[in-house]
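The listed protein sequences correspond, in order, to chains A, B, C and D. Quick note on numbering: full-length UniProt numbering labels position 5 of the first sequence as 5, and the sequence is numbered without any gaps. Quick note on numbering: full-length UniProt numbering labels position 240 of the second sequence as 240, and the sequence is numbered without any gaps. Quick note on numbering: full-length UniProt numbering labels position 179 of the third sequence as 179, and the sequence is numbered without any gaps. Quick note on numbering: full-length UniProt numbering labels position 271 of the fourth sequence as 271, and the sequence is numbered without any gaps. Every residue gets a Cβ at the ideal spot worked out from N, C-alpha and C, and that includes glycine.
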Amino acid sequence: MIETTYRGALRQALTDAMQENEAVVIMGEEVGRYGGAYGVTKGLIDEFGEDRVIDTPISEAAIVGAAVGAAMAGLRPVAELMYVDFIGMTMDQLANQAAKIRYMFGGQIGVPMILRTQGGTGRSAGAQHSQSLEAYVMHTPGLRLAMPATVEDAYHLLRQAMKQPDPVVFIEHKGLYTMKGELDTSAEPAAWGKARVMREGSDVVIVSYSRQLHHALAAADTLEKENGIQAAVVDLRTLNPIDFATIRPLVEQAGRAMVVSEGVMTAGVAAELAARITEECFDYLEDPVVRVAGEDIPISVSPLLEKHSVPTPEFITEVARMMLK
Amino acid sequence: MIETTYRGALRQALTDAMQENEAVVIMGEEVGRYGGAYGVTKGLIDEFGEDRVIDTPISEAAIVGAAVGAAMAGLRPVAELMYVDFIGMTMDQLANQAAKIRYMFGGQIGVPMILRTQGGTGRSAGAQHSQSLEAYVMHTPGLRLAMPATVEDAYHLLRQAMKQPDPVVFIEHKGLYTMKGELDTSAEPAAWGKARVMREGSDVVIVSYSRQLHHALAAADTLEKENGIQAAVVDLRTLNPIDFATIRPLVEQAGRAMVVSEGVMTAGVAAELAARITEECFDYLEDPVVRVAGEDIPISVSPLLEKHSVPTPEFITEVARMMLK
Amino acid sequence: MTEKNSMPGSNSGLPDLYRHMRRVRTFEERVGELFVRGKSAGSMLHLSVGEESAAVGVCSHMHDGDTFTTHHRGHGIFLARGADPARMMAEIAGKETGYCHGKGGSMHIADMGLGHLGANAIVGGGIPAVVGAGLAARNGKKDVVSLAFFGDGATGQGILYESMNMAALWRLPVMFVCINNQYGMGTRIDQATANPRLHERAEAFGLVARTVDGLEVEEVADAAAELIAGARAGKPAFLAIECYRFYGHARKDKSPYRAEAEEAEGRNKDPVLRARTKLIESGIMAETDLDAMDAEIAQEMDATIDFAVSGNEPQMSSMFRDVYAPEEAEPEPVRTRIERILARQ
Amino acid sequence: MTEKNSMPGSNSGLPDLYRHMRRVRTFEERVGELFVRGKSAGSMLHLSVGEESAAVGVCSHMHDGDTFTTHHRGHGIFLARGADPARMMAEIAGKETGYCHGKGGSMHIADMGLGHLGANAIVGGGIPAVVGAGLAARNGKKDVVSLAFFGDGATGQGILYESMNMAALWRLPVMFVCINNQYGMGTRIDQATANPRLHERAEAFGLVARTVDGLEVEEVADAAAELIAGARAGKPAFLAIECYRFYGHARKDKSPYRAEAEEAEGRNKDPVLRARTKLIESGIMAETDLDAMDAEIAQEMDATIDFAVSGNEPQMSSMFRDVYAPEEAEPEPVRTRIERILARQ
Ligand SMILES: Cc1ncc(C[n+]2csc(CCOP(=O)(O)OP(=O)(O)O)c2C)c(N)n1
Ligand SMILES: Cc1ncc(C[n+]2csc(CCOP(=O)(O)OP(=O)(O)O)c2C)c(N)n1
Ligand SMILES: [Mg+2]
Ligand SMILES: [Mg+2]
């Protein structure tokens, strides 16, 4: 058990994987000498050399395309997209190539690559550096999608992702890198694709992932302390595969569910979660599943506007209170 | 009133707009001399010249980017993306530039451009030429989204789109180009953003758009004839803006709703529609809103697999029967 | 994985080059027939007639372990590299017996056994993969090269330049092969760029770059030999091959945008005929021997149609297979989901 | 729309060029101060210190009606083109009083009145817009030019080549201006490409292309004059300006990846200092006059901080504004939606 950060746990996962498997290479902008825009890959180039920690030109489309080819040719590439906001440049390689190769070619080969990236608000980085675009990925069959919320998962989920036979988009949250936590790298993690019940509670179920999980947990604390409301909180961990089996009994018991996502509401992850929970638990619901999600607007650089463009702990608390009034 | 096709109506809309407004230009691959991959722009280059009907190199990203700049500089560009499947190459220009410029720049300027494209199955065109990717667009604040299902709307919706102050992605369906219908170009069309009730019915409401509307209508016919089931059918016409005001009373009356979309189910348009209808009509629903959507798989070139990868009229019929059993 | 047709590891002379070009030509003619008989899966069939020297000339210098990607007009390249034409034809017909079990079709054929990392229906889509394959070769210290084949139209795609830049920067064993058939659909190369000397772009990124005339398969093969050898040694290369697209863009296109005189002249640049004439004139092969060879090829290719037509349709149950690896759960079918939720299960 | 600072329509000589460069330098220093005082919106502040000659030299040949796009390091260009530094600073502070009312910030400033079609936080993202602006100019037969400013790092982006190809093909009044400060974040240009002679790429696409040394603002201005005049006449151009990024990539980066000696040498190539020295040595201006000019500029720029700091935060109600045109409905806030559905309204 060590005390580390989300960033440190990610770096540890990469280090361990690279030590274990010669085929693992990291490639992306500034991943080597610079150590990664958010410092995740710091030092790796010294340990593993330039052939395995590859600094690339600013060519997002070709980075992903090269990772696809590398994976097909036997490497286990971990490509880094500096901000998920740049995914637009890579969507063809990601959605038309990586995601479809196994299927189009009749199962001859898979594309075991990772696209590591980070998203979310919190740094006044403006409309093109603060988005939460996981819905694009979730809507693309063939792509796995993992979004760690905890220090533990920063390590274990990344390690698991790196063993998947299919392409995984792995989205970190820029607001979590400095978060501290305990990590036992030898612990048995929750299985890949399993959600984790972070907190039990029979009044309302809050389903979330990534940084919003912490907002949900904070809200649940407040609700308990100030209102005696018991909120269950679930960390989805992966959005593809997605685990409704864990959620279902909780919602059936509570009769109320809220989904919390930083992505914009319309046609986003929250819509899928709400639709699916409704399908699974319809007869048990007292209210429609409530979507607490990003506003349907771009993110402002103004810290004030930025903050209120996505769910806050206070807002989650307030919504839960409204639901239980 | 003239008898024409979906393709003919689109061409008429472009022609009329170009005659009316010097600023309208068409740009894209093969839109000029070739007349468009699906023939929509045939002849326009002869009538309007090479400066207004601009054949471009195969550079999707720059086509959209150039349209953004053209719109900002005073033109009214109609960019054509030959297949919506190529949207991946344009997503940065579309989602980070076109969609956000007005907002990021504090309302100084808009980007009144159209991105015309087509999608869907039906031609054994394989995994990279048969997709329905409207969800990516719907999930991007700042982009309008129109998807005509009828000959009338091929004309009127495109004309309306070309008057919008904001970027519109206009997605046609490759399976509809040869569909015949009556067109009155001088008729007053349904307002931009209004859904259209194509058929009344109090047993179940089927909400759809684009080609699946016709599947829904065919299913409704069968249901009436064979089972005496009265299905209301709604054509959404635009997905942004989206008109729930029209849907709500119908669903409240019927108590059952089905949404039909050719896009893959997970995190797709059907999820948004289902979530939203549930939110609006919760107390009236007998069953969860049923999502009839594309399978969560790529599209095969095999005509057999292709056909069953998306909703068929038979399947819609069957689902309605299951709902009303 | 797949039995390979004899493709020489080095240029073993004009007879072989001719034979492979003829096989490509005849195969493509049969694809046309398959379409006319209504047995192809769709009409997105892009024939490489007129471009045989590119496929054959370049592939004659590929070795076991080399990899490549192709474009939408890739039948000839794959065949030249040793593909089984019957399984190709079956794939083009969308059959279970095809290379990809009917899921891929003409534009998405692949064969990992032959190092074919895949054809692509996205113009330029297959190009960056060779950069990755080149990295794998470099890191694994394997003496292999990876080739991206694409058309002149793909020079409009930014990803080509991103990929060339990376290949040159990292000195990867990679070659970019541009089959310049003068057209991207209805757009002539000079309508798509102000400078059609495409190799100059590759040079500007630091690649070794050449343009050759595709009329002469031996010239193509020689240039390929030299550039591929250089690429293997860490000097990534670019080769443009000038030729002419004999027919329409896809099977239904009649190329109304091209003048008849231009087409006639273009079709005069026939690398197959040229090689044949040369073989006869130089006395290397007799016309009767060539006729016999052609007839044998015709027979082989006729059989591909029978194989394709008689193959089974894919099973409906295969629809959900291979979205993910076999050990993973298949996606839940929409029908199952709906039945389950309506039954409240 | 906006009152313009006097920017000469043509190169009116070194004193003016110096003055504008000094204004850029001082402005950027104040941006750094704003950050240190904790008053900037975030830390993504990319200072253009060392690159002043590019901004000022090129902009000195832009006219009314010309348009341009810039990159994430675009303060200097905008200022050189006539921006109001106070509204810029307010925008950088995320204030209502800024150019974009606090929504854009340092990386998303724009001013349609000055033809500034926008800064961009996507490397290469603003480049293709000038092709569209060029089309608008051509179709409207307007005698204007559109310029894309970007860094050397953007030469990794495919969209640059797509855009240059279009500009050359259509002979648009467009110029591509590459400010080569030798680094993209921590990556030196020779670590990003095998051939750092970037103008050769533009040439290969058919553009008129040059590289100039940014140390000499007059050389930059002269090259810009020539190329811009050509672009106006339908000869699209590319200009690379060699300079050095004096500080870190963004405000917090201390450039540990650069050797001290290299940095010292790089900072020796100071176009502002060079112009100043030249003015004195050639007797055009006395040192005391220059000191006075500098002091006046310092005062002007000090005031921008006060303006920025004292400005209001944007109103919360502005959050939903300008997603769509003013006459359109604003997006429904999440709160409203939830209240409505829970109240069953
Ligand atoms: C990204 C993308 N854009 C457009 C198309 C449509 N398209 C298919 S082939 C083609 C022309 C390609 O020309 P070229 O690369 O020269 O290949 P050729 O057909 O001549 O062999 C076009 C525009 C496509 N498939 N993919
Ligand atoms: C598409 C994209 N990729 C990566 C980044 C992150 N990033 C911001 S600036 C930068 C370096 C750009 O270098 P250059 O173009 O030379 O401009 P400079 O910073 O030197 O002025 C990078 C990689 C980005 N903003 N956008
Ligand atoms: Mg071609
Ligand atoms: Mg730079």
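Per DSSP, what kind of secondary structure is D/R87 in: helix, strand or coil? helix
Whole-angstrom distance between A/V64 and A/R267, CA atom to CA atom: For the record, residue 267 of chain A in the displayed sequence is Ala; it is not Arg. About 25 Å.
Neighbourhood of D/G206 by C-beta, 7 Å cutoff - its chain only, sequence neighbours within 5 removed: A168
6 Å CB neighbourhood of A/R52 in its chain, flanking five on each side removed: V25
Less than 6 Å between the CB of C/Y161 and some heavy atom of ligand 1, yes or no? no
Report the three-state DSSP secondary structure of A/V78 (helix, strand or coil). strand
Classify C/T277 as buried or exposed, calling it buried when 16 or more other Cβ atoms lie within 10 Å of its own Cβ. exposed
Segments of 3+ residues assigned as beta strand (DSSP E) that fall wholly inside the segment 24 to 96 of chain B: 24 to 28, 53 to 55 and 76 to 81
Taking the alpha-carbon positions, what's the C/K4 to C/E300 distance? Caution applies to C/K4, whose pLDDT of 39 falls short of 50 and renders its modelled position unreliable; the value that the coordinates give is listed next. Computed Cα separation, rounded: 15 Å.
Using a Cβ-Cβ cut-off of 7 Å (strictly less than) and excluding sequence neighbours within five positions of B/V319, which residues of its own chain qualify? M258, V290 and V292
Members of the segment 100 to 123 of chain D that neighbour chain F once the beta carbon cut-off is set at 8 Å: Absence of chain F from the displayed structure is noted, the protein chains being A, B, C and D.
Output yes or no for whether 7 Å exceeds the beta carbon distance between C/V220 and C/S53. yes
What three-state label does DSSP hand B/S261 in the structure shown? strand
Under the assumption that D/Y324 contacts B/D166 (Cβ atoms under 8 Å), give the Cβ distance between them as a whole number of angstroms. 5 Å
Among the residues of its own chain, which have a CB less than 7 Å from the CB of A/N240, if the five just before and after it don't count? M138, L143, R144 and L145
Taking the continuous beta strand (DSSP E) assigned at C/S146, which residues delimit it? S146 to G151
For A/A13 and A/V78, I'd like the C-alpha separation in whole angstroms. 12 Å
So is the beta-carbon of D/V123 under 6 Å away from any non-hydrogen atom of ligand 2? yes
Is B/P288 close to chain C, meaning its C-beta is less than 7 Å from at least one C-beta of that chain? yes
Enumerate, from N- to C-terminal direction, the unbroken alpha helix (DSSP H) stretches of 4 or more residues contained entirely within the segment 287 to 317 of chain A. 303 to 308
Taking 7 Å as the CB-CB cut-off, is C/A129 touching chain A? yes
Reduced DSSP category for A/G8 - H, G, I as helix; E, B as strand; rest coil: helix
Among D/D111, D/T336, D/R81 and D/V31, nearest to D/H20 - alpha-carbon criterion: D/R81
Any chance the segment 58 to 78 of chain D sits against the segment 107 to 121 of chain D, with 3 or more Cβ pairs inside 8 Å? yes
Does ligand 1 have a heavy atom nearer than 6 Å to the CB of C/D66? no
Does the beta carbon of D/A86 sit closer than 7 Å to a beta carbon anywhere in chain A? no
If you measure beta-carbon to beta-carbon, which residues of the segment 34 to 58 of chain B are closer than 8 Å to chain D? D51, R52, I54, T56 and P57
So, with DSSP's three-state summary, where would you put A/F170? strand
Quick one: measure Cβ to Cβ for A/A62 and C/V131, integer angstroms, because I've assumed they're closer than 8 Å. 6 Å
Taking 6 Å as the line, does the beta carbon of A/E29 fall inside it for any heavy atom of ligand 2? yes
Between the segment 97 to 116 of chain B and the segment 186 to 194 of chain B, are three or more C-beta pairs nearer than 8 Å? no
Determine the direct distance from the alpha carbon of B/D287 to that of A/L217, and round the result to whole angstroms. 32 Å
Do you know offhand how far C/F35's Cα is from C/S43's? 7 Å
Considering only the alpha carbon of each residue, which of D/A308, D/G65 and D/I284 lies closest to D/V144? D/G65
Selection from D/A148, D/I338 and D/P15 that minimises the alpha carbon distance to D/V58: D/A148
For D/F320, return the contacting residues in chain A, with the cut-off set at a CB-CB distance below 9 Å. E295, D296 and I297
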